[in-house]
Amino acid sequence: MATPYDIENIGTESNLKVRGSLDINTAPALAEEIDRIIAAKPTKVVCDLSGLDLIDSSGVAALVKLYKGVRSTGGAIQIIGARDQPLAIFKLLRMDKVFNL
Numbered sequence: 892m893a894t895p896y897d898i899e900n901i902g903t904e905s906n907l908k909v910r911g912s913l914d915i916n917t918a919p920a921l922a923e924e925i926d927r928i929i930a931a932k933p934t935k936v937v938c939d940l941s942g943l944d945l946i947d948s949s950g951v952a953a954l955v956k957l958y959k960g961v962r963s964t965g966g967a968i969q970i971i972g973a974r975d976q977p978l979a980i981f982k983l984l985r986m987d988k989v990f991n992l
């Protein structure tokens, strides 16, 4: 199974592009990658969700982990491109306010 994400590191910045489904089956692999991103202490992370079709609580937890981890090391995080079901979930959970969607 292909990973549902791509990561590009440019200097002290990371770009994370998530696609497909971020759920109980795919979130654990992303969570491991998130640990590596946080350990690198990037100054900025851009998380592009424009290719994300579906998210469940495991996926939300992974993105919250990314948000908290990057912020705790003094970095900035920008989440862009949320649409359809993922955006509806973020609004339901009021995470759209946290993520500035």
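If you're matching positions, the sequence shown starts at 892 in the working numbering and goes up one per residue. Ideal Cβ positions, reconstructed from N, Cα and C, are used throughout, including at glycine.
Can you check DSSP and say which residues form a bridge with residue i?
{"i": "N906", "result": "E899 and V937"}
{"i": "L945", "result": "S912"}
{"i": "A967", "result": "K935"}
Are the beta-carbon atoms belonging to residue i and residue j less than 8 Å from one another?
{"i": "V937", "j": "I898", "result": "no"}
{"i": "V951", "j": "L992", "result": "no"}
{"i": "L907", "j": "P895", "result": "no"}
{"i": "I929", "j": "T903", "result": "no"}
{"i": "L940", "j": "A973", "result": "yes"}
Secondary structure at residue i, three-state DSSP: helix, strand or coil?
{"i": "A931", "result": "coil"}
{"i": "G950", "result": "helix"}
{"i": "R962", "result": "helix"}
{"i": "A922", "result": "helix"}
{"i": "F990", "result": "coil"}
{"i": "A973", "result": "coil"}
{"i": "L984", "result": "coil"}
What's the C-alpha gap between residue i and residue j?
{"i": "P933", "j": "M986", "result": "22 Å"}
{"i": "V909", "j": "A920", "result": "12 Å"}
{"i": "A931", "j": "I968", "result": "14 Å"}
{"i": "P977", "j": "L943", "result": "7 Å"}
{"i": "G960", "j": "F981", "result": "19 Å"}
{"i": "I946", "j": "R962", "result": "22 Å"}
{"i": "V955", "j": "A918", "result": "12 Å"}
{"i": "N916", "j": "L957", "result": "18 Å"}
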